Structure formats: structure tokens, C-alpha cells
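Written below as C-alpha cells is the structure these notes are about.
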Amino acid sequence: MPTPKLKAIIRRIDDLPTLPRTVFRISEMINNPRSSARDLAQVITDDQVLTARLLRLVNSSFYGFPQRITTVTAAIVLLGFESIRNLLLTTSVFDVFAGRRHDRQKARENLWDHSLGCAVAARVIGKHIRHEKTEELFVCALLHDIGKIVAMVYAPEDYDRATRKAEQENMLLRDAEADLLEYTHTETGRMLAERWNLPAMVADVIYYHHTPEQAGAFAKEAAIVHLADIFCRALQLGSGGDNRIPSLNSAAWDRIAIRKADIATIMTEIESAYSDISTFTDAATAAPSV
Amino acid sequence: MRRILLKDARIDMVLAADVHNGQDMLLLKKGVALTEKSLRMLKSWGVEALRVQEADGASADRPDPGKNQDKIEKAMEARFGDTLADPVMAEICRAAAAIVHERNHLS
Ligand SMILES: [Fe+2]
Ligand SMILES: [Fe+2]
């Protein structure tokens, strides 16, 4: 049950930029083998911000196309379904991380890198075990620590105290939060997801990513994000505000059922997928206007 | 100033000239120190060579790779702490140290 402090935070949460519904519609679409480039174009043109961003990016020097691209359909044909989806998804979530104010820039950047790393890792794990919803896994993981952004914005003193304790005592941020505060980032994250009307799978994976066995119907997805979090911390892709590596939940590990001998291969794949996508989003979010 | 191949570039080296990609887009400005992230970015852009400032001790920026690997492994183990008792975590730690070492050296 939400404590008074948590309720007070939630009341103000409307100030955060929302995650466009479009983002989830796009990932659902990717999983539907019957959806076409035209369906995707329809979803994008419904959203003016995404349309503008997409056209700006394809016309930026990142791609270096000689002629000007003026329609969403042309952009999809040139770049392909997958890269468009990745671009729109990640840049929309990036907006939430970047925030309007420019405080705590470094912490936000680190958390963004951590989230992107975890998203990439969750997708690689998902593909490896042939999970049928790898794109949803990507979104769940991208948002798994979103509660930390909520704290940075609405309870910065709390966030500072918790990260300081985590650093001084070399503990997980979540444990420091549990010791010091009346809430943890898993609770604030889930509340935000519910506020944004994201699917139950996203809300539950956020809430249970540190205790994946309690996630009920989404235990497998929570387990994957739990492992993805460990992988991307081990690989030092960004930072989630603490330096510790969480211990592996053994029931979660058994549930995912990957072989120990495959770990190095999977992690190498995560490393290379991450460097591809991070360059791409760097260009997308920094694309100069045309 | 000396011209080096990207594969020999190391974190903390300071650029002596701007770096552009094939389309002449500015990637990094003269004077900035290379980071893990920027090395990764240059690699993905296919940059092959760059100009860096001369370091004080000519050999100081080329540490013995074996020794470096050792250091990475130690630091990694410290972050894993007592989770290393789990053989799966030990394997994750080992794999991560190898990948991070490779990344820093872009070999
Ligand atoms: Fe977390
Ligand atoms: Fe995390």
C-alpha cells in the first residue's frame, strides 16, 4: 500500500513527460507478422512529434542520403521496419530521462545508458531462448528503473541520501532505499507505469525486477530483466546509481534455462548490439534540425 | 602530435585534431579526451585513424596488456563480491572481464 510520502510523489507525477501510447503500439506491431510498413506508417503519422523526429533523423547527416526524404513511408522503406521501431521507441523513452531541467545530467545519462544496456540485454536473452515477445522485453527493460527518475525529479534529497548510502556501504541502491525511505524505485516505477496506462506486463516487470519469483504470470519476463540487469552491470554499460552487482535469483535462472556455457556468447552479443544501438540513439537525439 | 590507428587508441588520450566521419560530419572535437564511449562510437563509424597529443612519457600510455587484464579482473571481482560463490555469477564475472578488456583495447 502506498505510504503518504509515496502518495505525495504520485500526485505530482503528471509533470513528467508521458510516454506516447504509440511506443507500445509499435512494439506490438512488430510482433504481429501480418503488420506491414503501411500499418507502421499510419501509427507514426498519427503522432506529430514522432513524425517530425523521424523525418529529421533520416535527413540528418547520420544517414547521408543524397535526396531529401519527405514522407514517413519513404523513411520506412529506406531504413527498414526494425530500425524505425528502435529509433522511435528509444528516443521517446529518452525524452523522459532527459527531462526539462538540466540538473543531475550525469546521473540521468548514466541511468539512461544502464536502461538501454538492460533493454538490449533483455532482447538478446529473449532471442536466445526464443521468447515470443522480445520487443516487449526490450520496453520492459528500458523502463525497469524508471522509478529512479521519479525520485530524482520529485524527491531529490531522498535520491541523494540513498545513492550516498549505497556508495558508502557498497550496497544496492534498492537496499539503501528500503533502509532509509518509505518506498523503493520498484514501487514508484510501477505507479508511473500504471499512470501511463502501460500494459500489466510492463508494470509488473518493473515492480518485480529485483524479486522475479513473485511476478506471477510474468515471472519469466521479470526473470529475464533481472538477469539482463546483472549482465549490463557486469559489462559496465552505464550505471543505475550504485556499483554493486545484485546476486542472481536461482529460481529465476532455472526458469530462463540458459546454459552456463552460453553466457560468454550471450554477453558478447549484448556488447556488440549495445554499441550499435547507442551510436544510433546518440545520433537520433542529437540530430540537428533541417 | 602523432597519428595513430584507432585500434591503438586508448582511453584518456587527448585529440590533437577534429575527427570526422566519411560524410564529413564532426564526431569529436580537438582537445577532448577519449572515453570508452567515444572509442566505441568512432569504431562504429568506421574511423580508422586519428591524431592525438604526445603523452609525457612515450611508453606510459601503452601499459602491458597482461597486467591490465589482471587489474580489470580484480576490479570486476570486487564489484561481484560474495555473489561469486555462485558458479553462474563467477562465469558472468569472467566473461565480463574479458569483454571489458577487449573493449578498452579495441583489439
Ligand atoms: Fe532496479
Ligand atoms: Fe537496473
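Those sequence lines, one after another, are chains A and B. The first sequence maps to residues -2 to 287 in our numbering. The second sequence maps to residues 71 to 177 in our numbering. For every residue, glycine included, the Cβ atom is placed at its ideal position computed from N, Cα and C. Only a predicted model underlies this, so the values are computations on that prediction, with no experimental measurement involved.
- For the 7 Å CB-CB criterion, A:G237 and A:D110 do not form a contact.
- In this model, B:L104 and B:W115 are separated by some 15 Å (Cα to Cα).
- Closest option to A:R187, judged by alpha-carbon separation, among A:T131, A:A219, A:A231, A:A116: A:A219.
- Rounded to the nearest whole angstrom, the CA to CA distance from B:V84 to A:L47 is 37 Å.
- The beta carbons of A:R53 and A:Y151 sit no closer together than 7 Å.
- In chain order, I162, A165, A166, I169 make up the part of chain B whose C-beta sits under 8 Å from the C-beta of A:M264.
- Beta-carbon to beta-carbon, A:E184 and A:L3 are separated by about 6 Å, close enough to satisfy the 8 Å threshold.
- Nearest in C-alpha terms to A:E174, of all of A:A34, A:Y156, A:E191, A:V90, is A:Y156.
- Leaving aside the five residues that flank A:I66 on each side, the residues in its chain whose CB is nearer than 7 Å to its CB run, in chain order, L52, V55, N56, A72, L75.
- For B:L97, there is no enclosing alpha helix (DSSP H); the residue is found in the beta strand (DSSP E) stretching over 96 to 98.
- B:A103 is bridged by DSSP to B:V84.
- No heavy atom of ligand 1 is found nearer than 6 Å to the CB of A:D259.
- Between the stretch 134 to 148 of chain A and the stretch 215 to 235 of chain A there are three or more C-beta pairs closer than 8 Å, enough to call the two in contact.
- Rounded to whole angstroms, B:D94 and A:F62 show a C-alpha spacing of 13 Å.
- Identification of chain A residues near B:R80 by a Cβ-Cβ cut-off of 9 Å yields none; the smallest Cβ-Cβ distance measures about 17 Å.
- Within chain A, the C-beta atoms nearer than 8 Å to that of B:D156 come from S244, L245, S247, in chain order.
- Rounded to whole angstroms, the gap between the alpha carbons of A:Q165 and B:R173 is 29 Å.
- In the three-state reduction of the DSSP assignment, B:V89 falls in the strand class.
- Separation of the CB atoms of B:I74 and B:L120 is rounded to 7 Å, and the pair is thereby assigned contact status at 8 Å.
- About 6 Å separates the CB atoms of B:V117 and B:L76; that is less than 8 Å, so the two are in contact.
- Residue-level contact check: B:T153 touches chain A, since one or more beta carbons of chain A fall below 7 Å from its beta carbon.
- For A:A152, there is no enclosing beta strand (DSSP E), since its DSSP letter is neither H nor E.
- Residue-level contact check: B:S108 does not touch chain A, since none of the beta carbons of chain A fall below 7 Å from its beta carbon.
- With 16 or more neighbouring CB atoms inside 10 Å of its own CB, B:V122 falls in the buried class.
- Within chain B, the C-beta atoms nearer than 8 Å to that of A:L232 come from A166, I169, V170, in chain order.
- Taking the Cβ atoms as the reference, A:S272 lies roughly 26 Å from B:R72, outside the contact range of under 8 Å.
- One alpha carbon belongs to A:N29, the other to A:T262, and they sit about 28 Å apart.
- Per DSSP, the continuous beta strand (DSSP E) segment holding B:V122 begins and ends at 119 to 122.
- Residue state for A:R241 is assigned as coil, using DSSP reduced to three classes.
- Three or more Cβ pairs closer than 8 Å define a contact, and the stretch 118 to 137 of chain A meets that threshold against the stretch 250 to 257 of chain A.
- Between A:A270 and A:V136, the gap from beta carbon to beta carbon reaches 7 Å or more.
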